[in-house]
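Heads up: the structure comes next, in structure tokens.
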Amino acid sequence: MRLELLEIIKALKRRSSRTARQAVRAAVVWAPLLAAALGGAPPARASNRSQLNINVLLPGISNVSDLTAAPGVSTGTISLSWTEPFHTVGVAPYSYDVRVSTVGQISDDVVFSTSPPLSVFSTSVPPSPGAGGGAAGFIVTGLTPDVTYFFAIRENDSTTFRDSWNRSASPPLNVNNFAVATSTRPPSPAGGGAASVSISSLTATWAISSGATDYMFVVSTSAVNPPTAIAASSSTVASTATVSGLGPNTTYFLFVSACAGGCSAYASLGSTITLAEPAVGLSTTSVSSSTVNLAWNPNGDPPGTLFQVLKSTDGVSYSTAASATSPAAAVAGLSGGGTYYFEVVAVNGAGVPASPSNVVQLVTPAGPVPSAPTGLAASAGLLSASLTWAALPPALQGQGLLEYRVLRSTNAGFGYVQIATTTGVSFVDKPLAAGVTVYYELIARDIGNTDSSPSASVSAVPFTLDPMEPLGIAVVPSSAAVTLSWSPTTRFYDGTAFVSTGTPTGDELVGYSIYRSTDVCDPTSAFVQLSTMPIAVNSLTTATGGLNYYYRVFSFNSLGRSPNAVTVSALGERDYCADDQITRVVIDDKTAASLNAASNGLGGDIRIVSQRRPQDVGNGVFQSASFLAYLNGVTALSNYALPAPARIVLRFDTNNGSVVATTAPVNGFGPLAANAAGSQASPSDLGVFWFNGQQYQKMYGKIDPVGQTVSVDSPNLGIYQIRSQARAAGAVFDVSNLASRVITPNGDGLNDTLIFAYDPGPRNVVPEGKIFDLRGAFVADMVPGLVPNTLTWNGYMNGMPVHSGVYVYRITGDGKTFTGTIVVAR
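Residue numbers (the numbering used here): 2 to 827.
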């Protein structure tokens with residue numbers, strides 16, 4: 002029984018309204034037992050004529066537990082806030098008592114000291130009735146600035162149910178349920194303004210504000226208060242401050258706020274204008290017998306700044322000759338042959354002049370002056386700009402044309418500097434920065450050194466290109482690492498040499514990026530960047546862990562990286578891939594050495610460019626690609642042959658098992674959606690054809706139906722195609738396999754050798770070839786060529802060249818014999 006009563010007592014102490022209601026109902030039944038449990042008489046049965054009354058005081062309002070205080074938004078105010086407590090029992094309306102002291106709590110059981118006493122600020126701050134949990138607040142007004150206040154709060158209802166005091170604490174009690182405001186905001190400063198002003202700074206003063214411990218001084222380009230477009234600011238304990246970093250000849254609005262824990266509203270101190278910067282770089286743009294045109298650099302003064310042009314005839318006494326709000330002006334009314342001095346003064350918006358510019362002295366010409374050139378035009382080039390103009394007729398050349406002066410600036414209206422002189426009517430300006438607009442003017446100068454007025458200005462924006470990929474790649478493998486090296490890149494991707502004669506600019510070359518992959522056929526995007534090297538470093542040693550990684554070395558500049566790069570394996574194999582990453586030429590490391598200047602004797606590195614040729618596709622051609630060689634990446638090497646065969650790989654596409662023509666879309670590879678000729682074939686009937694400079698020659702090739710490629714080994718670069726050629730079940734020899742019916746073995750490298758290609762068939766037949774004269778006499782044996790599945794004859798017999806004439810060849814193999822004639826012409 003006693004345990005049950007203890008549970009009731011515990012329920013009465015809980016804050017849950019539901020639990021409290023249940024406890025009240027339980028008290029009616031368990032009241033006698035409760036009295037006994039509290040030390041009263043033993044429980045007795047109540048008669049019908051008696052009643053036991055028990056008064057149980059139940060907590061009706063929860064305590065405020067999170068009272069906080071902060072300086073208010075205006076002087077002499079503090080903002081209180083708390084969370085609305087729960088109302089379990091009580092009678093509305095509810096209200097709060099808010100009390101304040103400047104001394105604070107002394108101990109937990111004494112609310113405040115008696116001097117000064119607690120002050121009642123309000124007894125009718127209405128809370129929201131209900132379950133509580135909402136935000137509540139109150140603004141205390143009429144306080145003295147820079148005074149610490151302690152606050153207490155309690156909540157009442159309309160009867161005797163009452164919350165206990167929530168009291169503010171003073172250290173060291175550290176009672177978290179009480180609010181303390183350390184100060185209130187002092188009043189805004191009064192009076193003051195700008196005390197001094199310069200080109201880039203200003204100083205202001207103001208009156209001391211009562212209770213302030215420091216001040217915030219700000220300047221703004223807007224008159225709006227409070228300031229938002231703040232240009233500069235300074236926090237200071239004094240009633241004066243200086244801000245710097247301001248712009249010249251600019252109107253600034255001044256504001257100051259007094260602070261002491263919180264800060265007052267900003268007070269306006271008016272406005273002022275900074276001084277103008279002195280104009281610099283005054284020069285003449287043209288001089289005639291009566292007029293001089295002047296230009297100068299405004300030196301950071303904003304648009305609209307007033308400039309006064311001062312003139313003197315003795316260099317001592319100056320007078321205003323012209324005014325302008327742009328950095329150029331013309332002064333007329335001069336005398337021919339006269340000596341004049343000019344300077345320019347910038348004036349700020351308050352009429353205060355800056356120091357004068359440099360002085361320009363000149364003598365006006367006594368005779369005729371050249372006319373301004375016409376027809377000036379500019380066109381942008383690769384890190385350059387090209388200028389052309391109309392020749393000045395003799396009648397407009399003054400005393401006779403001496404030269405044209407080419408002037409350049411990066412500003413449209415001023416700052417023109419002479420960069421060249423010429424007697425021609427064109428000029429190329431380089432090197433220039435990519436993406437930077439350059440402006441040009443042209444002045445004619447006669448033999449009396451008299452200049453014309455400047456021409457109309459023109460502009461151009463030079464551009465740049467991606468750099469060429471590194472050439473001269475060399476590979477030195479080891480068991481656990483590989484060293485890659487390359488020749489310095491000196492050209493753009495289109496083959497144009499860099500403009501700079503020394504170290505390349507960033508618009509030409511920044512450095513090299515090395516990427517790595519585990520699959521040679523990965524697209525470029527699948528290669529992961531391994532390292533970046535500066536211009537001066539042309540090699541990289543990297544660990545392989547014994548794996549045969551594939552690498553690509555790119556050049557890059559401010560625009561981007563080279564669009565192309567050879568794929569190099571850790572063992573030295575080179576793959577020059579077309580855009581589909583499968584069509585390619587594969588060269589082993591030993592053969593690839595012939596591409597480097599150090600080995601080939603050609604005086605430069607050889608660049609191989611692999612490209613698919615969608616324009617060839619159709620009418621029986623299923624794929625076409627070119628593999629072309631360029632010396633130093635520029636000069637095409639026609640009919641270039643490697644010292645040993647390389648593997649040519651061409652990819653084909655299929656549709657429902659049939660080969661279809663392939664085009665080269667921008668985003669990779671894929672079948673031509675609707676081939677004009679409707680070409681299709683079986684994979685087993687495909688073969689490779691090579692263009693030998695005169696005609697396409699059959700080379701058969703190895704078909705991979707799974708990888709969808711046809712490959713052939715050949716030392717010859719050039720154009721290769723996949724075509725249908727109805728491959729037979731056995732070896733094939735026919736006249737179409739001849740590279741040419743006429744050979745000219747004179748050593749010029751063109752058509753010197755008879756080449757006969759054959760299809761070895763599934764039994765890989767190696768035929769025998771012999772040459773006879775027309776009388777049937779044996780001349781020579783044909784020998785295997787560098788290209789697999791070929792027989793060749795060089796036009797010699799026993800080490801001596803044969804005479805011109807007709808000769809007979811005979812090819813035997815696989816139980817077949819094929820004969821024909823060939824003409825030797827010397």
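Cβ coordinates follow ideal geometry from the N, Cα and C atoms, glycine included.
Enumerate in chain order the residues of its own chain whose CB-to-CB distance from residue i is below 6 Å, with the five nearest sequence positions on each side excluded.
i, result
"N633", "G605"
"A224", "F254"
"P369", "G399"
"G337", "S290, T365, A367"
"P172", "Low confidence applies to P172: its pLDDT is 35, below 50, so where it sits in the model is not reliable, and the reading given next is rough at best. Hits under 6 Å: none found."
"S600", "A594"
"A266", "S189"
"L397", "S372"
"Y319", "L311, S313"
"T375", "A391"
"T251", "T275"
"V111", "Residue placement at V111 is poorly supported in this model, since its pLDDT is 37, which falls under 50; the coordinates are not used for a value here."
"R648", "V587, S712, D714"
Going by CA-CA distance only, name the one from the options that's closest to residue i.
i, options, result
"V429", "L393, A378, S458, D452", "A378"
"L384", "G688, T506, D714, S458", "T506"
"V824", "S659, L775, T321", "L775"
"F628", "Q616, N412, Y641", "Y641"
"V348", "L548, A280, A475", "A280"
"G135", "P86, T142, G503", "P86"
"T710", "Y697, T592, T273, P684", "P684"
"G143", "S80, A195, V713", "S80"
"T306", "L283, V353, N657", "V353"
"A195", "V220, W297, L751", "V220"
"A213", "P489, S240, A230, L393", "S240"
"D520", "T543, T78, N549", "N549"
"D576", "T791, L388, V689, T525", "T525"
"Q419", "S284, N717, V767", "S284"
"D67", "W83, G263, D315", "W83"
Rounded to whole angstroms, how far is the Cβ of residue i from the Cβ of residue j, which I believe are closer than 8 Å?
i, j, result
"G414", "I448", "Contact flag wrong, Cβ pair sits at about 30 Å."
"G762", "M783", "That pair is no contact at about 19 Å."
"L295", "A329", "7 Å"
"V288", "D452", "6 Å"
"N535", "T592", "It should be noted that the sequence gives Pro, not Asn, for residue 535. Contact doesn't hold; Cβ gap of about 31 Å is too wide."
The beta strand (DSSP E) with residue i in it runs from where to where?
i, result
"N294", "293-298"
"D430", "427-430"
"F653", "Premise fails: F653 is in no beta strand (DSSP E) and is neither H nor E."
"S380", "378-382"
"L687", "687-692"
"A205", "203-207"
"S284", "281-288"
Taking 7 Å as the limit between beta carbons, can you name the residues of its chain near residue i, skipping five residues before and five after?
i, result
"S832", "No information on residue 832 is available, as it lies outside the stretch 2 to 827 that the chain covers here."
"Q681", "S659, V660, V661"
"L58", "Its pLDDT being 37, under 50, L58 is placed unreliably in this model, and the coordinates cannot settle the point."
"A566", "E470, R553, V554, F555"
"S116", "At S116, the pLDDT of 35 sits below 50, so the modelled position is not reliable and the matter cannot be decided from this model."
"V807", "L775, T822, V824"
"S202", "T243, V244, S245, L247"
"T542", "A482, T484"
"Q828", "The question about residue 828 has no answer here: the residues shown for the chain are numbered 2 through 827."
"N300", "E278, P279, A280, V281"
"A544", "A481, A482"
Among residues of its own chain, excluding the 5 on either side of residue i, which ones have a beta-carbon nearer than 8 Å to its beta-carbon?
i, result
"N676", "Note on N676: pLDDT 42, under 50, position unreliable in the model; no value is reported."
"G40", "Summary for G40: the model assigns pLDDT 40, below 50, so the residue's position carries little reliability, and this model does not support an answer."
"T793", "T754, L755, I756, F757, M783, V784, P785, G786"
"A435", "L384, P463, F464, T465, D508, S559, L560"
"G687", "The sequence as given places Leu at residue 687; Gly does not occur at that position. Closer than 8 Å at the Cβ level, and outside the excluded window around L687, lie F623, F653, V660, G702, I704, V711, I723, R724, S725, Q726, R728."
What residue range does the alpha helix (DSSP H) around residue i cover?
i, result
"N717", "Not the alpha helix (DSSP H): N717 falls in the beta strand (DSSP E), residues 710-717."
"S600", "598-601"
"D593", "It should be noted that the sequence gives Ala, not Asp, for residue 593. Segment 590-593, the alpha helix (DSSP H) holding A593."
Self-check item: Within the region 739-775, ranges of the beta strand (DSSP E) (whole runs, at least 3 residues)
Solution: The beta strand (DSSP E) runs of length 3 or more contained entirely in the region 739-775 are, from start to end of the chain, 755-758, 769-774.
Quiz prompt | Any beta strand (DSSP E) of 3 or more consecutive residues that is wholly inside the region 451-534 | solution = Within the region 451-534, the complete beta strand (DSSP E) runs of at least 3 residues are 459-461, 475-478, 482-486, 512-518.
Practice problem: Any chance you could list the beta strand (DSSP E) runs of at least 3 consecutive residues sitting entirely within the region 222-278, in chain order? | Solution: List check, beta strand (DSSP E) in window: 231-237, 241-244, 252-261, 268-274.
Quiz item: Which whole runs of the beta strand (DSSP E) in the region 603-641 are 3 residues long or more, in chain order?
Solution: Complete beta strand (DSSP E) runs here, min 3: 607-613, 622-632, 636-638.
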